[in-house]
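Colleague:
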Amino acid sequence: IGSDVFYTYIVSNNCWETRIAQRTEEGYFEKAGQLQQALLSGEFPSNIREKFRSVLEYFGQSPIIVRSSSFLEDGFGNAFAGKYESVFCVNQGTLEERLKVFEDAVRRVYASIMDISALEYRKQRGLEHRDEQMAVLVQRVSGSHWGDYFFPAAAGVGYSYSAYKWSKDMDQSAGMLRLVAGLGTRAVDRTENDYPRLVNLDRPAVSMQTNVADKHRFSQKNMDVLDTKENRLLTKSTESLMEILPLWYKRAVMERDYEAEEALNRMGRWRQVWFVTCQKLLENREFTGLMQKLLKTLEQVYGNPVDIEYTVNIDEEGAFVVNLLQCRPLFTGSRGGKVEIPSPSQEKTFFHLKDSSVGNSLKKQIHVVIQIEPKLYYEYPYGKKHQVAEAVGRINRYYKGSGKNLLLMTPGRVGTSSPELGVPVTFADISAVCGICEVSDSRAGYMPELSYGSHMFQDMVEAEIFYSALWEDKRKLAYNPELFAEEENLFPQICPDMEELFPMFKVTEPENLYYWNDVMSGETLCQIAES
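So for the sequence shown, the UniProt record's numbering puts the first residue at 1; every next one is plus one.
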């Protein structure tokens with residue numbers, strides 16, 4: 001549905017003047033809400049409604065998805081990932097009922113052009129004065145019927161280049177998949193306490209977990225499905241779907257947890273325990289070879305790394321069909337390329353490291369530094385250490401949405417469940433942070449250890465948080481924790497009721513502090529730049 005329909009809709013609902021006003025400097029944010037409401041509540045002209053009916057007659061009662069396809073989103077240079085709406089229509093009922101739902105879906109996609117996150121994204125990239133036009137793609141949902149539910153056997157996203165190197169001998173250019181059972185929404189959206197399967201295509205069948213208990217713990221617990229009876233998108237626990245899923249499907253995308261079954265047996269409550277790993281699919285070289293070839297072919301044609309969305313449908317014999325749903329350029333910073341790191345300056349360097357960082361080559365300004373004193377954390381009573389994690393969460397919430405880049409300097413292992421090894425934060429406590437540096441301190445027995453494949457690592461990959469470790473060996477070229485001693489400590493303002501922690505925390509907003517990481521040389525520098 002071309003962008004001409006978007007313009008027709010705006011004009012026929014008397015929104016043109018509001019749109020012009022919104023495109024001015026003062027109206028950019030101010031008028032956005034008004035325009036968004038108008039787009040959500042408008043009416044389509046009768047000739048367009050007739051064409052919509054034809055679209056729905058063409059698809060019959062197959063579930064469909066209404067996806068954004070904007071002018072700027074589909075251009076090179078800006079991913080717009082997750083900024084605009086995609087709306088599932090289960091598409092059941094009479095033609096008029098289906099038309100009403102379909103029109104609402106198109107309205108939602110149109111209105112998402114005025115979402116605050118999309119406006120901020122466009123402004124950050126200097127696109128606020130560009131004319132953003134919204135077209136719409138309508139696709140049949142790829143999948144099969146399973147009782148009252150409709151979903152593909154598996155789905156996910158793929159990258160022709162893996163931004164995070166989680167083991168020394170990993171080939172980042174082999175590509176990476178994030179794979180889930182059911183609709184791919186669980187692979188695209190970041191979900192709390194649920195884990196898609198992360199796959200590096202040079203060694204696709206290798207799991208980052210070494211034992212069954214961890215595999216189960218860090219597996220997908222819920223599936224997104226379309227409910228054809230309720231006519232809506234639902235999230236169902238994998239356990240609740242077990243009865244309707246045939247054995248051949250379970251074997252294709254799940255594994256049994258025999259240890260858990262044995263434990264249940266001892267309690268007299270034996271049952272089969274399945275959990276999603278997509279392992280059989282990943283052991284199928286035909287599938288992983290196809291995905292690698294697909295990603296490489298697209299990368300060559302685009303002349304740039306790409307990311308894709310795809311579904312996988314499987315039959316009883318194990319034969320599979322891959323549907324490619326979307327492809328766009330993937331911008332990975334200076335991936336593999338070089339970032340020019342300035343010469344370290346003794347009086348301006350915060351830390352300088354070698355072979356101690358995970359993430360892309362990048363240069364990033366740091367607006368806020370959060371320092372936790374390792375020795376004071378070590379001496380703090382064990383039963384109260386959770387308060388330190390709580391304080392980190394409060395600082396995180398204080399700065400969330402401010403547009404400021406936060407660097408967290410934390411003793412030992414971030415996100416550990418053992419407070420004696422590090423601060424037991426959850427991902428929600430650090431979601432606004434752009435970088436984490438784990439600080440080793442042998443006096444207190446703290447050792448960094450980013451657990452590759454742990455839930456915290458997966459969360460950091462998804463949120464594109466860079467990671468560094470400050471070891472007490474030759475990898476640490478310089479570290480000056482006192483660099484910001486003269487800066488005002490903002491912690492007492494942010495957490496005024498946590499007086500016990502005032503000596504342990506230092507929150508500062510230094511000027512001109514930058515973080516450089518060069519993947520090629522393995523060098524990382526954080527220092528105050530020349531102004």
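Each residue gets a CB set at the ideal place from its N, CA and C atoms; glycine is no exception.
This one's a predicted model, so the numbers in the text were calculated from it and none came from an experiment.
Look at the Cβ atom of residue 46, then the Cβ atom of residue 140, and state whether they are nearer than 8 Å.
Modeller: Your numbering for residue 46 matches position 46 in the sequence shown. Your numbering for residue 140 matches position 140 in the sequence shown. Cβ distance not < 8 Å, so residue 46 and residue 140 don't count as in contact.
Colleague: Look up residue 329 in the DSSP assignment and say whether it is helix, strand or coil.
Modeller: Taking the sequence shown and counting its residues from 1, the one referred to as residue 329 is at position 329. It is a strand residue.
Colleague: What are the boundary residues of the beta strand (DSSP E) that residue 181 is part of?
Modeller: To locate residue 181, count along the sequence shown from 1; it is residue 181. In the DSSP annotation of this structure, the continuous segment of the beta strand (DSSP E) that includes residue 181 starts and ends at 176-181.
Colleague: Give a yes or no on whether the C-beta atoms belonging to residue 437 and residue 490 are separated by under 8 Å.
Modeller: Looking up residue 437 in the sequence shown gives position 437. Looking up residue 490 in the sequence shown gives position 490. No, the Cβ-Cβ distance between residue 437 and residue 490 is not below 8 Å.
Colleague: Can you tell which of 294, 104, 214 and 144 has the C-alpha that lies nearest to the C-alpha of residue 176?
Modeller: Against the sequence shown, residue 176 aligns to sequence position 176. Taking only the C-alpha atoms, the option nearest residue 176 is 294.
Colleague: Nearest chain D C-beta to residue 154 closer than 8 Å, yes or no?
Modeller: Any reference to chain D falls outside this structure, which holds one protein chain only.
Colleague: Indicate the three-state DSSP secondary structure (helix, strand or coil) for residue 80 in the structure shown.
Modeller: Working through the sequence shown from its first residue, we reach residue 80 at position 80. If DSSP states are grouped into helix, strand and coil, residue 80 belongs with coil.
Colleague: Could you name the residues that DSSP lists as bridge partners for residue 467?
Modeller: Counting from one through the sequence shown, the residue named residue 467 turns up at place 467. Paired residues: 358 and 436.
Colleague: Can you look up residue 506 in the DSSP assignment and give me helix, strand or coil?
Modeller: Within the sequence shown, the letter at position 506 stands for residue 506. In this structure, residue 506 counts as strand in the three-state DSSP scheme.
Colleague: Counting along the chain, where does the beta strand (DSSP E) carrying residue 270 start and finish?
Modeller: Here residue 270 is taken as the residue at index 270 of the sequence shown, counted from 1. Looking at the DSSP string, residue 270 is not in any beta strand (DSSP E), and its letter there is neither H nor E.
Colleague: Suppose only complete runs of 4+ residues qualify. What are the alpha helix (DSSP H) ranges in the segment 97-130, listed by chain order?
Modeller: For the segment 97-130, whole alpha helix (DSSP H) runs of length 4 or above, ordered along the chain, are 116-124.
Colleague: Candidates 322, 442, 373 and 410: which alpha carbon is nearest residue 543's?
Modeller: For residue 543 there is no data in the structure shown, the boundaries of the chain being 1 and 531.
Colleague: Assuming the contact rule is C-beta atoms closer than 8 Å, residue 181 and residue 253 should be a hit. Round their C-beta distance to whole Å, please.
Modeller: Translated into positions along the sequence shown, residue 181 becomes position 181. Translated into positions along the sequence shown, residue 253 becomes position 253. At roughly 5 Å, the Cβ-Cβ gap stays under 8 Å, so residue 181 and residue 253 are in contact.
Colleague: Quick check on residue 254: does DSSP put it in helix, strand or coil?
Modeller: Numbered from 1 along the sequence shown, position 254 holds the residue referred to as residue 254. Of the three classes helix, strand and coil, the one that applies to residue 254 here is strand, per DSSP.
Colleague: Residue 410 and residue 527: beta carbons closer than 8 Å?
Modeller: Along the sequence shown, read from residue 1 onward, the residue named residue 410 stands at position 410. Along the sequence shown, read from residue 1 onward, the residue named residue 527 stands at position 527. No; because the gap between Cβ atoms is not below 8 Å, this pair is not in contact.
Colleague: Helix, strand or coil: which one does DSSP assign to residue 310?
Modeller: Sequence index remark: in the sequence shown, residue 310 carries index 310 (1-based). Strand.
Colleague: When the Cα of residue 394 is compared with those of 507, 223 and 248, which residue comes out closest?
Modeller: Taking the sequence shown and counting its residues from 1, one reaches residue 394 at position 394. Residue 394 has its Cα closest to that of 507, out of 507, 223 and 248.
Colleague: Can you find the residues in the same chain that come closer than 7 Å, C-beta to C-beta, to residue 476, ignoring five residues on each side of it along the sequence?
Modeller: Position 476 of the sequence shown, counting from 1, holds the residue named residue 476. Excluding residues within five positions, the ones whose Cβ falls inside 7 Å are 353 and 470.
Colleague: Straight-line CA distance for residue 291 to residue 197?
Modeller: The residue you call residue 291 lines up with position 291 of the sequence shown. The residue you call residue 197 lines up with position 197 of the sequence shown. The alpha-carbon atoms of residue 291 and residue 197 are separated by roughly 15 Å.
Colleague: On the DSSP letters alone, give me the boundaries of the alpha helix (DSSP H) that residue 532 sits inside.
Modeller: Residue 532 lies beyond the residue range present for the chain, which begins at 1 and ends at 531; the question has no answer from this structure.
Colleague: Below 8 Å CB to CB, which residues in the same chain sit around residue 261 once its five sequence neighbours on both sides are set aside?
Modeller: Taking the first residue of the sequence shown as position 1, residue 261 is located at position 261. The answer, listed in chain order, is 270, 271, 272 and 273.
Colleague: Between residue 52 and residue 184, what straight-line distance do the alpha-carbon atoms span, to the nearest angstrom?
Modeller: In the sequence shown, residue 52 corresponds to position 52, counting from 1. In the sequence shown, residue 184 corresponds to position 184, counting from 1. Going by the C-alpha atoms only, they are around 26 Å apart.
Colleague: Measure the C-alpha to C-alpha separation of residue 15 and residue 95 and round it to an integer number of angstroms.
Modeller: The sequence position of residue 15 within the sequence shown is 15, counting from 1. The sequence position of residue 95 within the sequence shown is 95, counting from 1. For residue 15 and residue 95, the distance between alpha carbons rounds to 29 Å.
Colleague: For residue 287, which residues in the same chain have their Cβ closer than 7 Å to its Cβ, ignoring the five residues on either side in sequence?
Modeller: Start at 1 with the first residue of the sequence shown, and residue 287 comes out as number 287. Excluding residues within five positions, the ones whose Cβ falls inside 7 Å are 281 and 320.
Colleague: Among the residues of its own chain, which have a CB less than 7 Å from the CB of residue 480, if the five just before and after it don't count?
Modeller: The residue labelled residue 480 in the question sits at position 480 within the sequence shown. If we look at residue 480 and ignore the five residues flanking it on each side, its Cβ neighbours are 349 and 350.
Colleague: Specify the secondary structure class of residue 244 as computed by DSSP and reduced to three states.
Modeller: One-based indexing of the sequence shown puts residue 244 at position 244. In the structure shown, residue 244 sits in a helix (DSSP, three-state: H, G or I).
Colleague: One question on the structure: do residue 151 and residue 40 come within less than 8 Å of each other, judged by their Cβ atoms?
Modeller: Here residue 151 refers to the residue found at position 151 of the sequence shown. Here residue 40 refers to the residue found at position 40 of the sequence shown. Against a cut-off of 8 Å, the Cβ pair of residue 40 and residue 151 comes out as no contact.
Colleague: Consult DSSP for residue 202 and reduce its assignment to one of helix, strand or coil.
Modeller: Taking the sequence shown and counting its residues from 1, one reaches residue 202 at position 202. The answer is coil: DSSP assigns residue 202 none of H, G, I, E or B.
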